[in-house]
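Chains U and A supply the protein sequences, listed in that same order.
Numbering-wise, the first sequence is residues 1 to 114 according to the working numbering.
Numbering-wise, the second sequence is residues 115 to 230 according to the working numbering.
No residue lacks a Cβ here, since even glycine has one placed at the ideal position from N, Cα and C.
Every value quoted in this text rests on a predicted model; they were computed, and no experiment measured them.
The structure appears right after this line, and notes come after that.
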Amino acid sequence: AQKITQTQPGMFVQEKEAVTLDCTYDTSDPSYGLFWYKQPSSGEMIFLIYQGSYDQQNATEGRYSLNFQKARKSANLVISASQLGDSAMYFCAMRQGGSEKLVFGKGTKLTVNP
Amino acid sequence: GAGVSQSPSNKVTEKGKDVELRCDPISGHTALYWYRQSLGQGLEFLIYFQGNSAPDKSGLPSDRFSAERTGGSVSTLTIQRTQQEDSAVYLCASSFQRGGFQETQYFGPGTRLLVL
Numbered sequence: 001a002q003k004i005t006q007t008q009p010g011m012f013v014q015e016k017e018a019v020t021l022d023c024t025y026d027t028s029d030p031s032y033g034l035f036w037y038k039q040p041s042s043g044e045m046i047f048l049i050y051q052g053s054y055d056q057q058n059a060t061e062g063r064y065s066l067n068f069q070k071a072r073k074s075a076n077l078v079i080s081a082s083q084l085g086d087s088a089m090y091f092c093a094m095r096q097g098g099s100e101k102l103v104f105g106k107g108t109k110l111t112v113n114p
Numbered sequence: 115g116a117g118v119s120q121s122p123s124n125k126v127t128e129k130g131k132d133v134e135l136r137c138d139p140i141s142g143h144t145a146l147y148w149y150r151q152s153l154g155q156g157l158e159f160l161i162y163f164q165g166n167s168a169p170d171k172s173g174l175p176s177d178r179f180s181a182e183r184t185g186g187s188v189s190t191l192t193i194q195r196t197q198q199e200d201s202a203v204y205l206c207a208s209s210f211q212r213g214g215f216q217e218t219q220y221f222g223p224g225t226r227l228l229v230l
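Below, the structure is given as structure tokens:
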């Protein structure tokens, strides 16, 4: 069965510093996709970044990058130059090949301090 | 362009009443998903629609839950005889199919349901 684990319930970072949010996953399917979403207090889930299991390069989107270590089954999100607006819940999710549903981790609450 | 929209944004109902939640996907997106986010269970998949195919209902928690999608666009999630444990945020998402694969799911703002 698919499983996503986010071991950090809460993280704190100083403004302008980088932060890494951890995500490990468990699947026996060689084909899968990994996603990170941001959920501010307003509640909307905002897509940040995607990594496919066959992608050779780590995904990057602006200040977001995904540290994909396939052998370790980890897909950590790195946010560079944190901003106050980055304070939110962050969810890691996986879509397994052949299934369209997303399986989510429990989330990490990130607080950016001025 | 316009994102996924959901209505109502908030709904308070009494135990035992039926509720309908609506989702308008992004124009051109062929797939539509419903998820539920509750304190105890986190984010859970409920149901998935793709074009004219039979929906994947594998995540619906009980037969009190049903959903339909009319004309391949708007979807309604219905909860009959609501229970207090149905209180949650119901999130809708849509995605575009390219080359037989679904692309990234984009979410709406959710409907916050409170069952008293």
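- [ ] Report the option in Val-133/A, Glu-134/A, Gln-164/A, Leu-157/A whose CA atom is closest to the CA atom of Thr-144/A.
- [x] Residue 144/A sits at position 30 when you count from the first residue of the second sequence. Of the candidates Val-133/A, Glu-134/A, Gln-164/A, Leu-157/A, the one whose C-alpha sits nearest the C-alpha of Thr-144/A is Gln-164/A.
- [ ] Please check the pair Glu-134/A and Thr-192/A, which I expect to be a contact at CB under 8 Å, by giving their CB distance rounded to whole angstroms.
- [x] Stepping through the second sequence from its first residue, residue 134/A is reached at position 20. Stepping through the second sequence from its first residue, residue 192/A is reached at position 78. Contact check for Glu-134/A and Thr-192/A: beta-carbon distance about 5 Å, within the 8 Å limit, so the pair qualifies.
TODO: Say whether chain A places a C-beta atom closer than 8 Å to the C-beta of Lys-106/U.
DONE: The residue labelled residue 106/U in the question sits at position 106 within the first sequence. Yes - at least one Cβ of chain A is within 8 Å of the one on Lys-106/U.
Open item on the list: Which of the three DSSP states is assigned to Gly-33/U in this structure?
Closed with: Residue 33/U sits at position 33 when you count from the first residue of the first sequence. Correct three-state label for Gly-33/U: strand.
Task: Partner residues on chain A for Phe-47/U, Cβ-Cβ distance less than 7 Å - done: Sequence index remark: in the first sequence, residue 47/U carries index 47 (1-based). Thr-218, Tyr-220, listed in chain order.
TODO: Just the chain A side, please: which residues come within less than 9 Å of Leu-102/U by C-beta, in chain order?
DONE: Position 102 of the first sequence, counting from 1, holds the residue named residue 102/U. Chain-ordered, the chain A residues with CB closer than 9 Å to the CB of Leu-102/U read Tyr-147, Tyr-149, Leu-157, Phe-159, Ala-207, Gln-219.
Task: Supposed close pair Tyr-32/U, Arg-95/U - CB separation, criterion 8 Å - done: In the first sequence, counting from the first residue as 1, residue 32/U sits at position 32. In the first sequence, counting from the first residue as 1, residue 95/U sits at position 95. Indeed, because the Cβ distance is near 6 Å, the residues count as touching under 8 Å.
Task: Per DSSP, the bridge partner or partners of Glu-158/A - done: Here residue 158/A refers to the residue found at position 44 of the second sequence. DSSP output for Glu-158/A lists Arg-150/A as bridge partner(s).
TODO: State the Cα-Cα distance for the pair Asn-166/A and Ser-53/U, rounded to the nearest angstrom.
DONE: Locating residue 166/A in the second sequence gives position 52, counting from the first residue. Locating residue 53/U in the first sequence gives position 53, counting from the first residue. The straight-line gap from Cα to Cα measures roughly 29 Å.
- [ ] With 8 Å as the threshold, decide whether the Cβ of Glu-44/U is near any Cβ in chain A.
- [x] Locating residue 44/U in the first sequence gives position 44, counting from the first residue. Chain A, which has a Cβ nearer than 8 Å to the Cβ of Glu-44/U, makes this yes.
Task: Arg-103/A burial status per 10 Å Cβ neighbour count (16 or more: buried) - done: Because residue 103/A is not part of the residues shown, which for chain A are 115 to 230, the question remains open.
Task: With 16 other Cβ atoms within 10 Å as the buried cut-off, status of Val-126/A - done: Taking the first residue of the second sequence as position 1, residue 126/A is located at position 12. Per the 10 Å Cβ criterion, exposed.
Task: Partner residues on chain U for Val-203/A, Cβ-Cβ distance less than 7 Å - done: For the purposes of this step, residue 203/A is taken as residue 89 along the second sequence, with counting starting at 1. Per Cβ cutoff of 7 Å: Gly-43.
Task: Three-state secondary structure assigned by DSSP to Gln-14/U - done: As a first step, residue 14/U is located in the first sequence; it is residue number 14 there, counting from the start. DSSP, reduced to helix, strand and coil, places Gln-14/U within a strand of the structure shown.
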